[in-house]
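Per my numbering, numbering of the sequence shown is gapless, rising by one per residue and ending at 413.
Don't be surprised by glycine CBs; every beta carbon is placed ideally from N, CA and C.
Note that the structure is predicted; figures quoted are calculated from it, not measured.
First up is the structure itself, then whatever we jot down about it.
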Amino acid sequence: MSELSVNHLLGIKYLNEKDIQLIFETADHFKEVINRSIKKVPSLRDITIANIFFENSTRTKLSFELAEKRLSADVINFSAGQSSVKKGETLIDTVNNILSMKVDMVVMRHPNPGAGIFLSKHVKAAIVNAGDGAHEHPTQALLDSFSIREKLGDVAGKNVVIVGDILHSRVALSNIFALKLQGANVKVCGPKTLIPKYIESLGVGVETDLKKALNWCDVANMLRIQNERLDISYFPTTREYTQQFGVNKNLLDNLDKEIVIMHPGPINRGVEITSDVADSKQSIILNQVENGVAIRMAVIYLLASKIK
Numbered sequence: 106m107s108e109l110s111v112n113h114l115l116g117i118k119y120l121n122e123k124d125i126q127l128i129f130e131t132a133d134h135f136k137e138v139i140n141r142s143i144k145k146v147p148s149l150r151d152i153t154i155a156n157i158f159f160e161n162s163t164r165t166k167l168s169f170e171l172a173e174k175r176l177s178a179d180v181i182n183f184s185a186g187q188s189s190v191k192k193g194e195t196l197i198d199t200v201n202n203i204l205s206m207k208v209d210m211v212v213m214r215h216p217n218p219g220a221g222i223f224l225s226k227h228v229k230a231a232i233v234n235a236g237d238g239a240h241e242h243p244t245q246a247l248l249d250s251f252s253i254r255e256k257l258g259d260v261a262g263k264n265v266v267i268v269g270d271i272l273h274s275r276v277a278l279s280n281i282f283a284l285k286l287q288g289a290n291v292k293v294c295g296p297k298t299l300i301p302k303y304i305e306s307l308g309v310g311v312e313t314d315l316k317k318a319l320n321w322c323d324v325a326n327m328l329r330i331q332n333e334r335l336d337i338s339y340f341p342t343t344r345e346y347t348q349q350f351g352v353n354k355n356l357l358d359n360l361d362k363e364i365v366i367m368h369p370g371p372i373n374r375g376v377e378i379t380s381d382v383a384d385s386k387q388s389i390i391l392n393q394v395e396n397g398v399a400i401r402m403a404v405i406y407l408l409a410s411k412i413k
């Protein structure tokens, strides 16, 4: 049986292309499972997984929890907002306390970049990074690529533009790594203030004109403006951002071709995209949500199979 080259999912940059293909093939299988009348498989009956979220999350947390339960794992949920972390407990203490309950895997979201890497060196459990600050969000990038593959047949050779706040986005960075690994062409588009200076060193093009970017691409991945991370004003007003970088139906209908629209969610309707775009047949946003469960099942299953 093929297996992953890694023992943790800390970021896309630690994976190779074979890992990604293995995750996708496993997710294909689990996608069939979750569309059956009995949606559970007993694969991980003896595995205990702790979901530790030091940052708010609704969709990612629910998606992981559903994936774990579909695999019949035992699940512990820990939300730092209501915990001893507020009393000054350190990350290591928190996790060691949870591991003393004999946990095999930890799914963690943390505001500090590299928190998952730090943890993987100090605790004996498989670590899945569910987002670390503005660094990486590997399962989101995997489900995004999986959704493109499902819609267009392949990721290799496709033109993908990522639009919006690239500077603060862990989704953008993980997506760039995943898409480049699979042979896609990638551009980023957004206000110059929200595009990191190093981005071209990742083999990515920069386009500041949204219309040109959309005419170039096969797929546009529209990122949310992360107001909670914007410590200073990176653009004059939200209205002005929308006028320059928001996608509406009129703009889509006037392109030379039909493109695929994606969004990692939650959507600020009327800011990055209008409702008629989000709900149009060109949008695969709901497919992304469904695929998120299958991808997370695949990742957890493959990592659990390496736990000795």
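Could you tell me the distance, in whole angstroms, from the CA atom of residue i to the CA atom of residue j?
i: Ile300; j: Val266; result: 13 Å
i: Thr165; j: Asp358; result: 32 Å
i: His240; j: Gly219; result: 7 Å
i: Lys285; j: Pro371; result: 25 Å
i: Glu360; j: Lys302; result: Here residue 360 turns out to be Leu, not Glu, going by the sequence shown. Approximately 29 Å, taken between the alpha carbons.
i: Lys263; j: Val291; result: 8 Å
i: Phe169; j: Asp323; result: 29 Å
i: Asn204; j: Ala230; result: Here residue 204 turns out to be Leu, not Asn, going by the sequence shown. Straight-line Cα distance between these residues: approximately 8 Å.
i: Asp209; j: Ile412; result: 8 Å
i: Arg150; j: Val352; result: 45 Å
i: Glu395; j: Asp249; result: 11 Å
i: Val180; j: Lys174; result: 7 Å
i: Thr199; j: Asn112; result: 21 Å
i: Pro243; j: Ser107; result: 20 Å
i: Phe129; j: Lys207; result: 29 Å
i: Leu114; j: Glu312; result: 31 Å
i: Asn355; j: Ser184; result: 42 Å
i: Gln126; j: Phe340; result: 39 Å
i: Ser385; j: Asn320; result: 18 Å
i: Val146; j: Gly310; result: 43 Å
i: Asn392; j: Phe135; result: 14 Å
i: Ser162; j: Ile222; result: 20 Å
i: Arg141; j: Lys256; result: 21 Å
i: Leu120; j: Asp133; result: 19 Å
i: Asn182; j: Leu167; result: 10 Å
i: Ile157; j: Gly258; result: 35 Å
i: Asn201; j: Lys362; result: 53 Å
Within a Cβ cutoff of 7 Å, which residues of the same chain sit near residue i, ignoring the five residues on either side of it in sequence?
i: Ala172; result: Val398, Arg401, Met402, Ile405
i: Ser148; result: Leu176, Ser177, Tyr406
i: His227; result: Ile197
i: Ser225; result: His113, Leu115, Ile232
i: Ile304; result: Ile271, Val293, Val311
i: Ile139; result: Arg175, Val398, Ala399
Can the beta-carbon of residue i be found closer than 7 Å to that of residue j?
i: Ile366; j: Ser388; result: yes
i: Ile117; j: Ala409; result: no
i: Ala277; j: Val211; result: no
i: Ala235; j: Arg254; result: no
i: Phe350; j: Leu315; result: yes
i: Ile364; j: Ala318; result: no
Does the beta-carbon of residue i, which I'm using as the reference point, lie nearer than 6 Å to any heavy atom of the ligand MG?
i: Glu395; result: Here there are no bound small molecules, and the ligand MG is not part of this structure.
Using a Cβ-Cβ cut-off of 8 Å (strictly less than) and excluding sequence neighbours within five positions of residue i, which residues of its own chain qualify?
i: Ile330; result: Gly269, Asp270, Thr343, Tyr346, Asn373, Val376, Glu377
i: Ile390; result: Ile366, Met367, His368, Gly370, Ile372, Ala383
Kindly list the residues whose CB is nearer than 6 Å to the CB of residue i, restricted to its own chain and excluding five residues on each side of it in sequence; keep chain order.
i: Glu160; result: Arg214, Pro216
i: Ala246; result: Ile117, Ser279, Asn280, Ala283
i: Leu109; result: Asp124, Leu407
i: Gly238; result: Pro216, Asn217, Pro218
i: Ser274; result: Leu328
i: Val260; result: Ser250, Ile253, Arg254, Gln287, Ala289
i: Glu122; result: Leu286
**Message:** If we require 3 or more residues per run, which beta strand (DSSP E) segments fall completely within the segment 297-332?
**Reply:** 324-327
**Request:** Spell out a yes or no on whether the segment 295-311 and the segment 341-358 are touching, meaning 3 or more CB-CB pairs, one atom from each, closer than 8 Å.
**Result:** Because the criterion of three Cβ pairs below 8 Å is met, the segment 295-311 and the segment 341-358 touch.
**Message:** Extract the residue ranges of the alpha helix (DSSP H) inside the segment 109-175, only unbroken runs of 4 or more that lie entirely within it.
**Reply:** 122-139, 164-175
**Prompt:** Going along the chain, which unbroken runs of the alpha helix (DSSP H) with 4 or more residues stay wholly within the segment 270-301?
**Reply:** 275-286
**Message:** List, from N- to C-terminal side, the beta strand (DSSP E) runs of 3 residues or more that fit wholly inside the segment 212-273.
**Reply:** 231-237, 264-268
**Complete runs of the beta strand (DSSP E) confined to the segment 364-390 [at least 3 residues]** = Within the segment 364-390, the complete beta strand (DSSP E) runs of at least 3 residues are 365-367.
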